[in-house]
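Trainee: Residue numbers 93 to 253, in our numbering, belong to the letters of the sequence shown in order. For each residue, glycine too, the CB sits at the ideal point set by N, CA and C.
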Amino acid sequence: MKKVLISIFLIGITLTLFGQTSVMLTPSSNISAYTFDGARSGVEKLKMNTYVLGQVGKPGLYVVPDDTDFLTLIALAGGPREDAKLSKIRIVRPSIDEGEKIVWVNLKQYLDTGDPELIPQLQPGDTVVVSGTIFYAFSRIADFLSKVTIALSVYNLVTGL
93 MKKVLISIFL IGITLTLFGQ TSVMLTPSSN ISAYTFDGAR SGVEKLKMNT YVLGQVGKPG
153 LYVVPDDTDF LTLIALAGGP REDAKLSKIR IVRPSIDEGE KIVWVNLKQY LDTGDPELIP
213 QLQPGDTVVV SGTIFYAFSR IADFLSKVTI ALSVYNLVTG L
């Protein structure tokens with residue numbers, strides 16, 4: 093009976109740790125890429141959906157004015173975290189003709205030089221992906237291994253009784 097309960101417990105932990113869902117986002121041709129903000133602040137602005145993923149303070153969907161640049165979006169998302177890889181940030185840009193286009197941004201070079209030409213303008217549907225450094229990957233692996241070790245220790249403790 094104990095082994096059955098332990099097995100159910102370990103299966104539950106495994107499903108919790110490895111359970112993921114996959115959602116494919118496909119652009120639809122009948123949906124507008126912009127929304128109209130109206131004259132709330134006296135200035136009429138078109139808004140667009142952009143997404144920020146990865147190593148930023150607040151990843152998610154951001155509805156921003158159509159003249160927003162990359163740096164402003166990163167700032168709105170809480171800025172890069174300390175384990176963010178600033179030299180290789182991707183902007184995945186949907187395109188009807190080509191599918192998806194990848195634009196690479198080197199934010200580290202911008203911070204070193206201050207060259208505004210390195211900061212691209214955003215387009216509707218852009219997804220900014222800020223990857224983690226190798227140290228971030230190492231910490232994720234170490235975290236996973238510690239959870240496996242704890243689960244095995246609990247299993248060994250219960251079956252040894």
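1) Flag this pair as yes or no: are the beta carbons of R173 and V148 separated by less than 8 Å?
2) State the start and end residues of the unbroken beta strand (DSSP E) segment that holds K139.
3) Quick check on the burial criterion: 16 or more other C-beta atoms within 10 angstroms. Buried or exposed for F162?
4) Taking C-beta to C-beta, are S223 and K200 nearer than 8 Å?
5) Look up R232 in the DSSP assignment and say whether it is helix, strand or coil.
6) Using 8 Å as the Cβ pair cut-off and three pairs as the minimum, do the stretch 189-199 and the stretch 208-222 touch?
7) Which partner residues does P172 have in the DSSP bridge list?
8) Would the stretch 235-250 count as touching the stretch 178-192 if we require 3 or more Cβ pairs under 8 Å?
9) Kindly indicate which residue of T205, T160, F236 has the alpha-carbon position closest to the one of P218.
Mentor: On the basis of the supplied data:
1) Counted from its first residue, the sequence shown places residue 173 at position 81. Counted from its first residue, the sequence shown places residue 148 at position 56. At the C-beta level, R173 and V148 come within 8 Å of one another.
2) Counted from its first residue, the sequence shown places residue 139 at position 47. According to the DSSP assignment, K139 belongs to the beta strand (DSSP E) that extends over 138-146.
3) Here residue 162 refers to the residue found at position 70 when the sequence shown is read from its first residue. Counting every other CB atom within 10 Å of its CB across the protein chains shown gives F162 a total of 16 or more, marking it as buried.
4) Along the sequence shown, one-based indexing puts residue 223 at 131. Along the sequence shown, one-based indexing puts residue 200 at 108. In terms of Cβ geometry, S223 and K200 do not form a close pair [threshold 8 Å].
5) Counting from one through the sequence shown, the residue named residue 232 turns up at place 140. In the structure shown, R232 falls within a helical segment according to DSSP collapsed to helix, strand and coil.
6) A contact exists between the stretch 189-199 and the stretch 208-222.
7) Indexing the sequence shown from 1 puts residue 172 at position 80. Beta-bridge pairing links P172 to V148.
8) Output reads no: the stretch 178-192 does not touch the stretch 235-250.
9) In the sequence shown, counting from the first residue as 1, residue 218 sits at position 126. The question names Pro, yet the displayed sequence has Asp at residue 218. Ranking T205, T160, F236 by Cα distance to D218 puts T160 first.
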